[in-house]
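When we follow the numbering used here, the leftmost residue of the sequence shown carries the number 18, and every step to the right adds one. Report on the following structure.
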Amino acid sequence: MLYLERIPAAPLAPFIRMLWYARVDRATHERQRILPTGCTQVIVNLARDYVLDCPEGRPEVRRPPALVVGARSVYEIVDTSDMADLIGIVFSPGGFAPFAFDAAHYFSNQTVALDELGSIWASDTRPLRDRLREMESPQTRLQCLEHFLTARFTSRLERRQRPPQIQFALRYFAHNPHIASVGETARQIGWSERRFSQVFREEVGLTPKVWCRVQRFQRAVRQLHTGSDIRWAELALDCGYYDQSHFANEFRAFSGVDATTYTARRTLWTNHISAD
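Structure below.
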């Protein structure tokens, strides 16, 4: 297995959390459950000309090889054969809109063909993928992807005014996971709660309330992934839940399994667990 990350330079840095490359020659499980992080991603399959969509309880569907995976508040099932040669982009919260030519919430909990996003992607997705497939090293592929994004989107990013109120809210939620209140945050930035929720959803893809729930869940997942001895009541309180029951209900709502099952099925990646 090979996995690499690349942190992009300016002007991409405020908008893109990282570029990544993965090569899994032989996965131990046919299917994996991917847990929600709240971040929008682009994935490009370099190994074959489709990605398998594996909706739970329904037949699998072949999707185009380059996809946008919108900000999710629910888990999804993937076929590990798609990980044989894969490259992707993880956007920062609120960073996707300039690349999409549309509001982020239109993509939430959706998977959309990358070449449907707008004129740049419509004309350049296939040539970009062909170019990436021709390159021999993962490092060169990541560099090529960054150069493409910089060349095509710099002018849009320089014109893009990211709402400072949303950036403040994201920082506030990150630093105050236990006490963050949508109403209080709206008052701090001088907006009504309704306007705040609307703009946050357009920029980030999820409502502020759902975003905070996903981030609490992610905090718990990161602690569970360490494999250390867990005291459930302490974990629940540390991650901002009212009690152990609240934690258990929220964990199952986002992952489809309980925390004990997550621990037993976890993989090298924090948000991947066996679905078999």
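Where is the CB? At the ideal position from N, CA and C, for every residue including glycine.
PRO155 and MET35 have their alpha carbons spaced roughly 14 Å apart.
For TRP228, the closest C-alpha among the options SER209, THR287, ASN126, ARG40 is that of ASN126. Excluding residues up to 5 positions away in sequence, GLN261 lie with their Cβ nearer than 6 Å to the Cβ of TRP249 in the same chain.
Within the stretch 139-219, the complete alpha helix (DSSP H) runs of at least 4 residues fall at 155-176, 181-192, 199-206.
In the DSSP assignment, THR277 falls outside any beta strand (DSSP E) and within the unbroken alpha helix (DSSP H) covering 276-282. When DSSP states are grouped into helix, strand and coil, GLN127 belongs to the coil group. Remark: C-beta atoms of LEU52 and ASN288 approach each other more closely than 7 Å. Shown here, PHE268 sits in a helix according to DSSP, grouped into three states. Between the stretch 80-92 and the stretch 107-124 there are three or more inter-stretch CB-CB distances shorter than 8 Å, so the stretches are counted as touching. Contact between the stretch 92-101 and the stretch 173-185 is not established, with fewer than three Cβ pairs separated by less than 8 Å. PHE108 sits in a strand when the DSSP states are folded into three classes.
Per DSSP, the unbroken alpha helix (DSSP H) holding ALA114 starts and ends at 114-117. Boundaries of the beta strand (DSSP E) harbouring ALA83: 83-86, taken from the DSSP string. Taking 8 Å as the upper bound for CB-CB distance, TRP138 and LEU131 are in contact here, some 5 Å apart.
In the DSSP assignment, ALA64 falls outside any alpha helix (DSSP H), carrying neither H nor E.
Residues PRO25, ILE106, VAL107, PHE108, SER109, GLY112, LEU166 of the same chain have their beta carbon placed closer than 8 Å to that of ILE33, with the five preceding and five following residues left out of the count. ARG233 and PHE190 have their C-alpha atoms spaced approximately 10 Å apart.
Apart from the 5 residues on each side of it in sequence, LEU241 sits with its Cβ closer than 7 Å to the Cβ of ILE247, ALA276, TYR279, THR280 in its chain, given in chain order.
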